[in-house]
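Here the sequence shown is numbered in the numbering used here, starting from 22 and rising by one per residue. Notes for the one structure printed next.
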Amino acid sequence: MLVSTKEIEVRYAETDQMGVVYHANYFVWMELGRTQIVQDLGFNYALLESEGIISPVLDIQASYKKPLHYGEIAVVKTWIEEYDGLRFTYGYEIYNSDNELAVTGWSKHACVKKESFRPISMKRKYPDWHEAYENAKKQVEK
């Protein structure tokens, strides 16, 4: 299983009046994690979009464990939790500067045609992406 890592410096604008990262910013960081894993697999999401394919979020979840603060480095770890050729789920863990787990989460996606939102088969349309996702996803123990 491939686990991608993305470091993010927490900016002041990402914090709330309590001085902690505003909860919605973790979803933005998850998107950065998804972009990183796609790059680590040797692909480019912008190229996919230029071909009229998008990957909307179908469902997303986050569990907050510890706050992150301005000036800390957030470390976003991302992996492919599930993939079936049509839908995929990314898993996330976000750590603080002390390497303490701050957030866990996941997001579910599918690739669809931009103009119709009809799903596409990654296996048929993008066999190289399909193979890379199959090889990088979390293995289910039997």
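Using N, Cα and C, we set each Cβ at its ideal position, and we do this for glycine too. Computed from a predicted structure; not experimentally measured.
Whole angstroms are fine: how far does the CA of residue j sit from the CA of residue i?
i: V133; j: P77; result: 8 angstroms
i: F109; j: I74; result: 15 angstroms
i: H90; j: G112; result: 23 angstroms
i: N120; j: V24; result: 16 angstroms
i: L62; j: D105; result: 17 angstroms
i: A157; j: Y43; result: 31 angstroms
Assuming residue i and residue j make a contact with CB atoms under 8 angstroms, what is their CB distance in whole Å?
i: E93; j: S118; result: 4 angstroms
Look up residue i in the DSSP assignment and give the residues it is bridged to.
i: V41; result: H90
Inset, instruction - Could you tell me whether the segment 114-128 touches the segment 92-101, using the rule of 3 or more Cβ pairs below 8 angstroms? - result: These segments touch.
Legend entry - Three CB pairs or more closer than 8 angstroms across the segment 57-71 and the segment 82-93: The count of Cβ pairs closer than 8 angstroms, one atom from the segment 57-71 and one from the segment 82-93, stays below three, leaving the stretches out of contact.
Inset, instruction - For the segment 99-116 and the segment 49-64, state whether three or more C-beta atom pairs, one from each stretch, are separated by less than 8 angstroms. - result: The segment 99-116 vs the segment 49-64: in contact.
Inset, instruction - Would you list, in sequence order, the uninterrupted beta strand (DSSP E) runs of no fewer than 3 residues that lie entirely inside the segment 76-156? - result: Those beta strand (DSSP E) runs which fall completely within the segment 76-156 and span 3+ residues are 78-85, 94-104, 108-116, 122-131.
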